[in-house]
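Visitor:
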Amino acid sequence: MSESRIGALAGGTPVRDALDGARTAIAAAGCETPRLDAEVLLAHALGVSRERLLIDRDLTVAGPAVRTFQDYVRRRSVLREPVAYILGTRHFRHIELGVDGRALIPRPETELLVEVALTLPEGSCVLDIGAGSGAVALALKDERPDLKVTGSDLSADALALARANGARLGLEVHWLTADLLEGVPDEFDAILSNPPYVRDADRSMLAPEILRHEPASALFAGEDGLDAIRPLLGQAAARTSVRLLALEVGAGQAPAVVELVRAASFPLVRTERDLAGVERVVVGERA
2 MSESRIGALA GGTPVRDALD GARTAIAAAG CETPRLDAEV LLAHALGVSR
52 ERLLIDRDLT VAGPAVRTFQ DYVRRRSVLR EPVAYILGTR HFRHIELGVD
102 GRALIPRPET ELLVEVALTL PEGSCVLDIG AGSGAVALAL KDERPDLKVT
152 GSDLSADALA LARANGARLG LEVHWLTADL LEGVPDEFDA ILSNPPYVRD
202 ADRSMLAPEI LRHEPASALF AGEDGLDAIR PLLGQAAART SVRLLALEVG
252 AGQAPAVVEL VRAASFPLVR TERDLAGVER VVVGERA
């Protein structure tokens with residue numbers, strides 16, 4: 002956003018004009034949803050709902066909100082920072098999570114892992130491997146308080162974020178530093194995981210928002226995207242107490258993962274499709 006635009010805003014500019022300038026800058030940067038991004042960022046800068054932003058014709062942008070909004074637009078358009086990181090929050094199912102560059106931004110398709118686990122018997126012990134921001138573990142605990150939920154991650158930074166989210170939400174989830182199942186107690190009835198699964202060759206296909214800002218260790222998993230899934234299933238095969246296993250996978254990976262899950266002594270295998278029709282979660286069960 003230009004300095005002249007900032008100067009105009011300083012005197013109090015109508016929301017429509019502010020949005021027009023921001024939308025132009027964000028669109029020019031190649032972002033896919035410039036109008037939505039501009040509206041969400043301006044609403045946050047003004048401390049109002051997006052609905053009020055759109056219906057209150059007397060609302061203007063002035064004072065400290067000018068610089069705040071200008072900085073948001075710069076981060077979105079120049080740095081291509083994800084909106085969720087700029088705002089510092091992300092809604093996931095029924096909870097609001099704090100998010101930043103220490104962990105992946107929770108995606109809607111990952112909610113499938115929670116949905117699978119909602120069917121578990123009362124009092125089951127559940128482990129969420131690669132917990133990141135804590136989205137799956139915390140959402141599950143929020144909806145099924147009877148479950149004993151643990152979230153694990155190899156990243157100390159990600160676990161610090163997850164712990165902070167759990168404390169703020171008042172949800173009792175145990176957090177554990179671990180590399181997959183190494184050193185993890187054999188006490189779990191179910192394992193959930195959104196592991197790294199992006200193929201190395203697909204790196205160039207990812208948006209700048211992902212490549213520049215989200216942690217690579219939580220994204221990439223070798224030539225076929227299964228470098229984290231194979232050892233996890235190898236370890237899970239020996240955990241006979243585990244009755245259910247659910248893994249998020251990339252587009253086109255489900256057939257291969259189904260065979261790997263079956264080979265890990267989970268004979269009952271199915272897939273769950275996301276809203277785009279992609280086989281997104283592979284579920285293995287033991288009778």
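Number 143 in this note's numbering belongs to position 142 of the sequence shown; there are no gaps in the numbering. From the three backbone atoms N, C-alpha and C, an ideal C-beta is built for every residue, glycine too.
1) On the DSSP bridge list, what partners appear for Ser194?
2) Taking the continuous alpha helix (DSSP H) assigned at Arg77, which residues delimit it?
3) So, using beta-carbon positions, are Glu215 and Ile106 closer together than 8 angstroms?
4) Taking 8 angstroms as the cut-off, decide whether the C-beta atoms of Ala85 and Arg76 are in contact.
5) Could you tell me whether the segment 204-213 touches the segment 126-134, where touching means 3 or more Cβ pairs closer than 8 angstroms?
6) Evaluate Val79 with the Cβ neighbour count: other Cβ atoms within 10 Å of its Cβ, from every protein chain shown; 16 or more gives buried, anything less gives exposed.
7) Can you give me the start and stop residues for the beta strand (DSSP E) that Arg274 sits inside?
8) Just tell me which of Asp187, Ala277, Phe267 and Ala247 has its CA closest to the CA of Leu121.
9) Let's see if you can read the secondary structure: which residues bound the beta strand (DSSP E) around Asp154?
10) Under 6 angstroms Cβ to Cβ from Val279, same chain only, skipping five residues before and after it: list those, please.
11) Of all the options Thr25, Ser134 and Arg244, which has the alpha carbon lying nearest to the alpha carbon of Ser156?
12) Kindly give me the distance between the Cβ atoms of Pro196 and Ser218, rounded to whole angstroms, as I take these residues to be in contact under 8 angstroms.
Guide: Reading it off the structure:
1) As a position in the sequence shown, residue 194 is number 193, starting the count at 1. DSSP output for Ser194 lists Ile130 and Leu248 as bridge partner(s).
2) Position 76 of the sequence shown, counting from 1, holds the residue named residue 77. Segment Pro65 to Ser78, the alpha helix (DSSP H) holding Arg77.
3) Counting from one through the sequence shown, the residue named residue 215 turns up at place 214. Counting from one through the sequence shown, the residue named residue 106 turns up at place 105. Cβ atoms of Glu215 and Ile106: closer than 8 angstroms.
4) Within the sequence shown, numbered from 1, the residue matching residue 85 stands at position 84. Within the sequence shown, numbered from 1, the residue matching residue 76 stands at position 75. The Cβ-Cβ distance between Ala85 and Arg76 does not fall below 8 angstroms.
5) no
6) For the purposes of this step, residue 79 is taken as residue 78 along the sequence shown, with counting starting at 1. Per the 10 Å Cβ criterion, exposed.
7) Within the sequence shown, the letter at position 273 stands for residue 274. Going by DSSP, Arg274 is part of the beta strand (DSSP E) stretching over Leu269 to Arg274.
8) Along the sequence shown, one-based indexing puts residue 121 at 120. When each option's Cα is compared against that of Leu121, the closest is Ala247.
9) As a first step, residue 154 must be located in the sequence shown, where it is residue number 153. For Asp154, the uninterrupted beta strand (DSSP E) segment begins and ends at Lys149 to Asp154.
10) Against the sequence shown, residue 279 aligns to sequence position 278. So the list reads Ala252, once near-sequence residues are dropped.
11) Residue 156 sits at position 155 when you count from the first residue of the sequence shown. The shortest C-alpha separation from Ser156 is found at Ser134.
12) Reading the sequence shown from its first residue, position 195 is the one you call residue 196. Reading the sequence shown from its first residue, position 217 is the one you call residue 218. Contact flag wrong, Cβ pair sits at about 11 angstroms.
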